[in-house]
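Worksheet for the structure shown next.
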Amino acid sequence: MLEITKSFGFEAAHFQPAAPEGHPNRRVHGHSFVAEVTLAGQASSSMGMIRDFEDVERALMRVRDMLDHQLLNDIPALKVPTLEHLARFIFDAVKGGLPETVRVTVRRPALGQSCTYAPG
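No gaps in the numbering here: position 36 of the sequence shown is 824 in my numbering, and each next residue is one more.
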């Protein structure tokens with residue numbers, strides 16, 4: 789089994805309406821995010837790769853365009869914009885076009901935080 793990973797960055801704002809009154813995350817604030825999408829499989833005998841990185845790039849840029857410079861709370865399918873929901877949202881958004889997707893990690897590097905979604 790082989791794995792390839794492609795990452796992309798985006799800037800977005802959000803707020804956590806369920807945070808306690810007075811908590812800073814209850815207010816609109818922004819982050820720089822990095823998403824890493826991992827595909828797994830065998831290299832095809834004809835191409836010698838799991839998937840052409842150009843195909844991966846096109847699929848990820850469609851997702852990036854949905855998220856970049858957006859208020860994440862305004863994306864209905866995202867629901868509550870936590871790292872956990874964001875990782876699952878990106879996974880679901882790319883899985884249809886990239887069925888080899890096995891894992892998505894979303895990072896907030898400035899805060900040293902990340903979440904990985906890998907359905908069992």
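For each residue, glycine too, the CB sits at the ideal point set by N, CA and C.
| Check | Outcome |
| --- | --- |
| Does Val-825 pass the burial test, meaning 16 or more other C-beta atoms within 10 Å, or should it be called exposed? | buried |
| In whole angstroms, what is the alpha-carbon distance linking Gly-797 and Leu-855? | 10 Å |
| Expressed to the nearest angstrom, what Euclidean distance is found between the alpha-carbon atoms of Arg-814 and Ser-833? | 52 Å |
| Per DSSP, Ala-807 forms a beta bridge with which residues? | Bridge partners of Ala-807: none, in fact. |
| Under the three-state reduction of DSSP, which class applies to Arg-895: helix, strand or coil? | strand |
| Out of curiosity, what's the CA-to-CA distance linking Leu-827 and Gln-804? | 31 Å |
| Is the stretch 839 to 847 touching the stretch 857 to 864, taking contact as three or more C-beta pairs under 8 Å? | no |
| So, for Leu-874: in the same chain, excluding its five sequence neighbours on each side, which residues have a beta-carbon less than 6 Å away from its beta-carbon? | Val-894 |
| Please give the ranges of any alpha helix (DSSP H) in the stretch 820 to 861, keeping only runs that are unbroken, at least 4 residues long and fully inside the region. | 841 to 855 |
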